[in-house]
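Numbering (the numbering used here), first residue to last: -16 to 488.
Glycine is no exception: its CB is placed at the ideal position from the N, C-alpha and C atoms.
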């Protein structure tokens, strides 16, 4: 292949990359609409559309001519480092996609659409029995998906590798064990201390004003509304509909000041990551976040390390009180800061504080492993959920609404590898922030002035811009100078909560 031929082949490859990205964006648009504005009676037709689109995209992604083009370019020695990585990532994706029959892809996509529609009805009705046949089929399809990759002896290893490349169920289990050993005594010490005042968080707060305040904060953070928007949904999420269309969703409770705010900060962290991917990588296999764990690190960083910090409320307490003068008339900045950092054993993962959150993840991770291994039947999942919460957190949900029906993940995707990324993200959030602080001394003062340029700029340069150019482990080491470690995270928790609650951790 001559240089001219290489150039022509590369142009063909870029066209193919963009078509795959656009088909993925169209699928994301259908999913976004289903989760925000789709009429209930249209669910069946939407599932059919999603199944058709998934089949078409799969056919395009597994086109033999595309595979031959990738193989030919992989033999070239005149590609740039980015092009070489692009071809390698594309060949990995192609190799994985070609293992799935098109009929299987269409069936799985259609089923998840139907399952999600049923979940939106079953959860408010507290009807887990309605979801049992859907979840049994999801489990069967999940095992079938893993079976196409026999190199993974444990189905859980396949799903973890898909979302957090390079990690295994055993490694995650070891990390969880170490974290539980450190976190359980912290939780015990903090929950034994006097609890802060929180009554004012649950006064009436008009939803429109909550949304206005949250959107003002993420504009300060750096979320670009010319390339995104925020809407309401059942379960908040971020989605990419196109190269420059990164949307977020949130949910509002008018008797809870924190629900919409922290959902907005969380999803904006995901979206800013995607908005920061380098332009030349967009529409290619490298044009997205590198892993679930790294992605979650950004949502947790902006939600917790920034948004729940003392410096954050030094900047925003006055603005919040201006937005809600009657509700916050008897509240001090310190009281608000302590209230949004309350530690308490609870039933809801997305509402959990930083010290107890990982216990929620561990429960889900272990239930997934049991389901995939066949040691737990779907019909027994609700009871197993309640038993796990009693064992790990000393709580029992009064219904399945806040039990096995709580999270959307199993009802709008596969079973396996859905949750461990949240804990990996918690660990990495502190590691990335510590590295940013070493490079930019005085970040606390920046946050006190609502000036996020240095923090956002460091993250954009060292994390966001690279997309999938590096593996997760390579990215972490390049950005922080060391492999993933839980030590910055545990140090952050000990210092923050030890000071807030006046205990030694």
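My output table needs one value for residue i: the three-state DSSP class, helix, strand or coil.
{"i": "residue 224", "result": "strand"}
{"i": "residue 231", "result": "strand"}
{"i": "residue 213", "result": "strand"}
{"i": "residue 446", "result": "coil"}
{"i": "residue 104", "result": "helix"}
{"i": "residue 359", "result": "coil"}
{"i": "residue -11", "result": "helix"}
{"i": "residue 88", "result": "helix"}
{"i": "residue 218", "result": "coil"}
{"i": "residue 83", "result": "coil"}
{"i": "residue 236", "result": "coil"}
Does the distance from the CB of residue i to the CB of residue j come in under 7 Å?
{"i": "residue 364", "j": "residue 387", "result": "yes"}
{"i": "residue 338", "j": "residue 169", "result": "yes"}
{"i": "residue 347", "j": "residue 402", "result": "yes"}
{"i": "residue 69", "j": "residue 269", "result": "yes"}
{"i": "residue 430", "j": "residue 251", "result": "no"}
{"i": "residue 361", "j": "residue 119", "result": "yes"}
{"i": "residue 128", "j": "residue 140", "result": "no"}
{"i": "residue 275", "j": "residue 147", "result": "yes"}
{"i": "residue 298", "j": "residue 433", "result": "yes"}
{"i": "residue 406", "j": "residue 446", "result": "no"}
{"i": "residue 4", "j": "residue 266", "result": "yes"}
{"i": "residue 435", "j": "residue 117", "result": "no"}
Count the other CB atoms, across all protein chains shown, that sit within 10 Å of the CB of residue i; report buried if there are 16 or more and exposed otherwise.
{"i": "residue 206", "result": "buried"}
{"i": "residue -3", "result": "exposed"}
{"i": "residue 171", "result": "exposed"}
{"i": "residue 78", "result": "exposed"}
{"i": "residue 45", "result": "buried"}
{"i": "residue 491", "result": "Shown here, the chain extends from -16 to 488; a query on residue 491 therefore has no answer."}
{"i": "residue 37", "result": "buried"}
{"i": "residue 471", "result": "buried"}
{"i": "residue 63", "result": "exposed"}
{"i": "residue 197", "result": "buried"}
{"i": "residue 185", "result": "exposed"}
{"i": "residue 465", "result": "exposed"}
{"i": "residue 281", "result": "buried"}
{"i": "residue 404", "result": "buried"}
{"i": "residue 33", "result": "buried"}
{"i": "residue 382", "result": "exposed"}
Residue range of the beta strand (DSSP E) that residue i falls in?
{"i": "residue 140", "result": "No beta strand (DSSP E) holds residue 140; the alpha helix (DSSP H) holding it covers 138 to 146."}
If you drop the 5 nearest sequence neighbours on each side, which residues of the same chain put their C-beta closer than 6 Å to that of residue i?
{"i": "residue 91", "result": "124"}
{"i": "residue 248", "result": "285, 286 and 290"}
{"i": "residue 214", "result": "19 and 232"}
{"i": "residue 273", "result": "451, 455 and 458"}
{"i": "residue 391", "result": "218"}
Taking 8 Å as the limit between beta carbons, can you name the residues of its chain near residue i, skipping five residues before and five after?
{"i": "residue 378", "result": "328, 329, 330 and 372"}
{"i": "residue 321", "result": "179, 180 and 483"}
{"i": "residue 187", "result": "237, 238 and 310"}
{"i": "residue 71", "result": "57"}
Looking at the secondary structure, which residues open and close the alpha helix (DSSP H) in which residue i lies?
{"i": "residue 397", "result": "Looking at the DSSP string, residue 397 is not in any alpha helix (DSSP H), and its letter there is neither H nor E."}
{"i": "residue 191", "result": "190 to 204"}
{"i": "residue 392", "result": "Here residue 392 belongs to no alpha helix (DSSP H), and DSSP marks it neither H nor E."}
{"i": "residue 164", "result": "152 to 175"}
{"i": "residue 310", "result": "First-last for residue 310: undefined, no H or E at that position."}
{"i": "residue 453", "result": "Careful: residue 453 lies outside any alpha helix (DSSP H) and carries neither H nor E."}
{"i": "residue 368", "result": "364 to 376"}
{"i": "residue 409", "result": "403 to 422"}
{"i": "residue 474", "result": "470 to 484"}
{"i": "residue 122", "result": "111 to 130"}
Leaving out the 5 sequence neighbours to the left and right, which residues in its chain are closer than 7 Å to residue i when beta-carbon positions are compared?
{"i": "residue 210", "result": "227, 228, 229 and 258"}
{"i": "residue 398", "result": "121, 122, 125, 351, 354 and 355"}
{"i": "residue 145", "result": "400"}
{"i": "residue 15", "result": "222, 224 and 230"}
{"i": "residue 260", "result": "270, 271, 447, 448 and 450"}
Is residue i near the ligand ADP, with its Cβ less than 6 Å from a heavy atom?
{"i": "residue 470", "result": "This structure lacks the ligand ADP; in fact it carries no ligand of any kind."}
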